[in-house]
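Residue numbers for the sequence shown follow the numbering used here, beginning at 27 and rising by one.
Yeah, the Cβ is synthetic: ideal placement off N, Cα and C, and Gly gets one too.
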Amino acid sequence: MRRYYLYRATIAVGFITPVFTLFLLRTLTFTQVGALSATYSAFSAVGEIPTGYVGDRLGRRASLLLSVFFTVLSLTGFIFASGFFWYCLLYLLWALALTFRSGSMDAWLYDILSERLDSGQFSHVRGRGDAVQNWTAAVSMVIGGLLYGLHPTYPFIATVVFNSLGSLALLSLPKNRQYTDRGGDSCSGDRLEPLETISVIRTALARPPLRALVLYIGLFYSVLGVAHSYVQPMVVETLGPYAAGIGVQVPAGGAITAARAGEAGAALALGLGVLYAAMTAVSSAGGYYAGAIEERLGVRKAVIVVPALTAVVLVVPLWIALVALPAFATMRTAKPLVQPIANGYISDHVEMAGRATLLSAVSMSYMGLRAPLALAAGMVADTTTATTAVAALGGLFLAAGGAVWLLGEIAPETATASGDRASKSA
């Protein structure tokens, strides 16, 4: 587990997180940023199942190593390239990196716990991994703000060097048992053929108990993913006047344009680094206590209530600017809290051989929902404000998520394909 936590630390991208949107807005509009996010989401959706199959077929470590390779390749491109076309290509590489990691990381962890410890500890260990990643990101975010003030590409250089260490951390991880029988990372007799993989996905996701859960959390993840893109311009809109009052220069204007956001100076970049670091440090509690929340509330209450409360918080800054700060913290806390609980529940309801593929299919549904939301949010932000776009996303989740809750049963207590966790613990 210590080596797993080390790997989670190396995939943090804190150096670029607080300034990434500002970096893009130097030459792009909000609509173009939304189009990039939509492209990223659509390509991720298409690639999730094939790359999940790679994780099940060749081995989870092999898939995670490919993820590190494509992450480093994409981030290196941002150092040298500029413009919408080149950014599109780099986003595609970044999407490919995400798809190789999305299902395989949790599948490796769930299986290794089943083999050596207790799969009932999945939410606890996975949440601790999120906390380690967030704490690493928090420290690097402050440094990233400083580096951006020196030159906009310096945070990317630092991220490339740091993420490259992930390959060394991965090589230290043990293989799952089903990939060690023949040596290397090739799978043994538990392999699924492509048609069997499709059957696993259809059987698991097209009916209870996973159908309503996957739709509900997929919508929630997509709303959060798009909303995160607007935190930096939202800071300028909602907190800019307060920053100006203490001598920090920000672009003029209440409803900022993309160009004004891109004009943010070194002081604002550093301020964003400090803000993101503080919010990320707070959000690490979400992952750290995910196991405890699951034990106290149960899966069903946790995955329903946390997203609903988060959506409410996204709407409030439209009227009360200072609520933006707790809104940012809530956005960064909610997914690390919900995801370990939801993925543990999903993993309980699928057999070992297809676990990475199914978890990738869940990510595919999230990315498929995210693509149109990203494009629509960019258009709303260009015609109104970034704060309005985020509030609209929160309202959309309350309406659509409420409909899913009313019409479908989310995360009911059922017998599992992997066996009852409590009995495993015993």
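Margin query: Going by DSSP in three states, Glu439 sits in which element: helix, strand or coil?
Written below: Looking at Glu439 - three-state DSSP - the assignment turns out to be coil, as it is neither helix nor strand.
For this session: Within the same chain, show all residues whose beta-carbon is closer than 7 angstroms to that of Ser255, passing over the 5 residues directly before and after it, in chain order.
Result: The answer, listed in chain order, is Thr47, Val59 and Ser63.
* State yes or no: is the C-beta of Val388 within less than 7 angstroms of the C-beta of Val240? => Against a cut-off of 7 angstroms, the Cβ pair of Val240 and Val388 comes out as a contact.
Exposed or buried, what is Pro438 when buried is set at 16 or more other beta-carbons lying within 10 Å of its beta-carbon? Exposed, since its Cβ has fewer than 16 Cβ neighbours within 10 Å.
Can you confirm whether the stretch 81-95 touches the stretch 192-203 when touching is taken to mean that 3 or more C-beta pairs between the two stretches lie within less than 8 angstroms? In the pairwise beta carbon analysis, the stretch 192-203 is classified as touching the stretch 81-95: at least three pairs are separated by under 8 angstroms.
Next item on the list: State yes or no: is the C-beta of Thr97 within less than 7 angstroms of the C-beta of Asn189?
Entry: Yes, the Cβ-Cβ distance between Thr97 and Asn189 is below 7 angstroms.
Span separating the alpha-carbon of Thr264 from that of Tyr302
Taking the straight line joining both Cα atoms gives about 15 angstroms.
TODO: For Lys201, name the three-state secondary structure that DSSP assigns.
DONE: Note: Lys201 maps to coil in three-state DSSP.
In angstroms, rounded to a whole number, what distance separates the CA positions of Val338 and Ala353?
-> Between Val338 and Ala353, the alpha-carbon positions lie close to 9 angstroms from each other.
> Between which two residues does the alpha helix (DSSP H) harbouring Val365 extend?
Replying inline: Checking the sequence shown, residue 365 turns out to be Gln, not Val. Unbroken alpha helix (DSSP H) run through Gln365: Ala350 to Asp374.
From what residue to what residue does the alpha helix (DSSP H) around Tyr113 run?
Annotation for Tyr113: the continuous alpha helix (DSSP H) segment containing it runs Phe110 to Ser128.
query: For Ser193 versus Thr125, is the C-beta distance shorter than 7 angstroms?
result: No; because the gap between Cβ atoms is not below 7 angstroms, this pair is not in contact.
Span separating the alpha-carbon of Val45 from that of Val168
The straight-line gap from Cα to Cα measures roughly 11 angstroms.
- CA-to-CA distance, Gly175 to Val261, given in whole angstroms: C-alpha separation (whole angstroms): 17 angstroms.
Buried or exposed: Thr410, going by 16 or more other Cβ atoms within 10 Å of its Cβ? Result: exposed.
*Reducing DSSP to helix, strand and coil, say where Ala278 ends up.*
Reliability of the predicted coordinates at Ala278 is poor, the pLDDT of 43 falling under 50, and the value obtained from them is presented with this limitation in mind. In this structure, Ala278 counts as coil in the three-state DSSP scheme.
- Query: In whole angstroms, what is the alpha-carbon distance linking Ala307 and Ser166?
  - Reply: Approximately 11 angstroms, taken between the alpha carbons.
Worksheet entry | Contacts around Val94, its chain only, beta-carbon distance under 6 angstroms, and the 5 residues preceding and following it disregarded | Excluding residues within five positions, the ones whose Cβ falls inside 6 angstroms are Gly192 and Ser193.
Fill in: Closest by C-alpha distance to Leu196, when choosing among Ala38, Val416, Tyr33 and Val332
Nearest neighbour of Leu196 by Cα position, chosen from Ala38, Val416, Tyr33 and Val332, turns out to be Tyr33.
**Study point:** Phe41 (DSSP reduced to helix, strand or coil)
**Key:** DSSP, read as helix, strand or coil, puts Phe41 in coil.
For Trp134, tell me which candidate among Gly370, Val406, Ala412 and Leu401 has the shortest Cα-Cα distance. Closest by C-alpha distance to Trp134, out of Gly370, Val406, Ala412 and Leu401, is Gly370.
Can you tell me where the alpha helix (DSSP H) holding Gly170 begins and where it ends?
Where Gly170 is concerned, the enclosing alpha helix (DSSP H) starts and stops at Phe148 to Leu176.
* Anticipated Cβ contact below 8 angstroms, Thr413 with Leu344, distance rounded -> About 6 angstroms; that satisfies the 8 angstroms criterion.
- Query: Among residues of its own chain, excluding the 5 on either side of Gln147, which ones have a beta-carbon nearer than 7 angstroms to its beta-carbon?
  - Reply: Non-local C-beta neighbours of Gln147 in its own chain, meaning closer than 7 angstroms and more than five positions away in sequence, comprise Leu139, ordered along the chain.
How would you write the range of the alpha helix (DSSP H) that Leu99 sits in, first residue to last?
Its alpha helix (DSSP H) spans residues Arg86 to Phe106.
Are the stretch 325-333 and the stretch 112-130 in contact at 8 angstroms, needing three or more beta carbon pairs? Output reads no: the stretch 112-130 does not touch the stretch 325-333.
_Thr55 versus Pro178: straight-line alpha-carbon distance, rounded_ = If I take the Cα positions, the gap works out to 18 angstroms.
Indicate the three-state DSSP secondary structure (helix, strand or coil) for Ile346 in the structure shown. DSSP, read as helix, strand or coil, puts Ile346 in coil.
Self-check item: Helix, strand or coil at Glu237 [DSSP, three-state]
Solution: It is Arg, not Glu, that sits at residue 237 in the sequence shown. In the structure shown, the three-state DSSP call for Arg237 is helix.
| task | Answer yes or no: do Ile183 and Ala368 have a C-beta to C-beta separation smaller than 7 angstroms? | result | No, the pair does not count as a contact, with Cβ atoms beyond the cut-off.
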